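Worksheet for the structure shown next.
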Amino acid sequence: MKENYMIKHTCKTLLFGTLLVSTMAFAESTPVGVWLTIDDTTHQPKSLIQITRSNDGTLSGKVLRGMPVDHPERICSKCTDDRKDQKIKGMSIIRNMKKDGDEWDGGKILDPDNGKEYSCKMRLEENGAKLVVRGYIGFSLLGRSQTWVRQSDD
């Protein structure tokens, strides 16, 4: 009797462990979190961006602070849309990114330095530790990429 209990308990434990590991292996990693952007020209830290998911599942990103020195009063004087002359700190620079297979696509990204908005693609690398962000005009071949480094998951 005691032997049957031990066998049943062991089987249940193994089944639960297998399910837990399977769930963890298939858990979706997303760009949601705080990212350190790296300037693709100077290769120096540029800003901290927080990416969040809205109720409709799209992702957006806003500037938390500039790096290495934050200029909280800096404005986007070259922007041409609703962000014209708005503070860059707190500004939404990524809008409407949608999951498309292993990437996020269909949204836009703003370069507050030049005020231009680009189509955007993003994909995670290195188990979610890095985010490759590509801004482009027309075709994704005509653009530039930056690799951002995850700072936190929230």
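Take the sequence shown: its letters are residues 0 to 153, numbered as in numbering that gives the first Met the number 0.
The C-beta atom is built at its ideal place from N, Cα and C for all residues, glycine as well.
If you're wondering where the values come from, they're calculated on a predicted model, not measured in any experiment.
Separation of residue j from residue i, as counted between CA atoms
i, j, result
"Gln150", "Gly137", "31 Å"
"Cys78", "Ser28", "32 Å"
"Gly32", "Gly65", "16 Å"
"Lys213", "Asn126", "With the chain covering only 0 through 153, there is no way to say anything about residue 213."
"Val131", "Arg122", "5 Å"
"Gly105", "Tyr117", "11 Å"
"Lys45", "Pro67", "7 Å"
"Ala24", "Asp153", "Low confidence applies here, because Ala24 scores a pLDDT of 37, under 50, leaving its location unreliable; read the following figure in that light. Distance between the alpha carbons of Ala24 and Asp153: 20 Å."
"Gln85", "Ser91", "10 Å"
"Asp80", "Ile48", "20 Å"
"Pro30", "Glu102", "10 Å"
"Leu140", "Gln43", "24 Å"
"Asp69", "Asp99", "34 Å"
Residue of the options minimising C-alpha distance to residue i
i, options, result
"Ser53", "Arg143, Arg94 and Cys78", "Arg94"
"Asp55", "Met96, Asp38, Asp84 and His70", "Met96"
"Leu58", "Lys120, Ser139 and Gln145", "Lys120"
"Gly60", "Lys98, Glu102, Lys107 and Asp99", "Lys107"
"Thr51", "Thr41, Ser139, Trp34 and Gln43", "Trp34"
Spatial neighbours of residue i in its chain, beta-carbon cut-off 6 Å, leaving aside the 5 residues before and after
i, result
"Ile87", "Val62, Arg73, Cys75 and Pro111"
"Pro71", "Lys88"
"Thr41", "none"
Cβ shell of residue i (< 8 Å), same chain only, five flanking positions each side left out
i, result
"Ala128", "Val148 and Arg149"
"Asp39", "Arg143, Ser144 and Gln145"
"Glu124", "Leu130, Val131 and Thr146"
"Asn113", "Lys77"
Residues of its chain near residue i, where Cβ-Cβ distance is below 7 Å and the 5 sequence neighbours each way are ignored
i, result
"Gly142", "Tyr117, Arg133, Gly134, Tyr135 and Ile136"
With 16 other Cβ atoms within 10 Å as the buried cut-off, status of residue i
i, result
"Tyr4", "Here the model assigns Tyr4 a pLDDT of 47, short of 50, so the residue's position is not dependable, and the following value carries that caveat. It is exposed - the Cβ of Tyr4 has fewer than 16 other Cβ atoms within 10 Å."
"Thr36", "buried"
"Lys83", "exposed"
"Gly89", "exposed"
"Leu109", "buried"
Strand pairing of residue i, partner residues [DSSP]
i, result
"Met121", "Trp103 and Val132"
"Ile108", "Ile93 and Tyr117"
is_contact[residue i, chain D] using C-beta, thresh 9 Å
i, result
"Trp103", "Of the protein chains in this structure there is only one, and it is not chain D."
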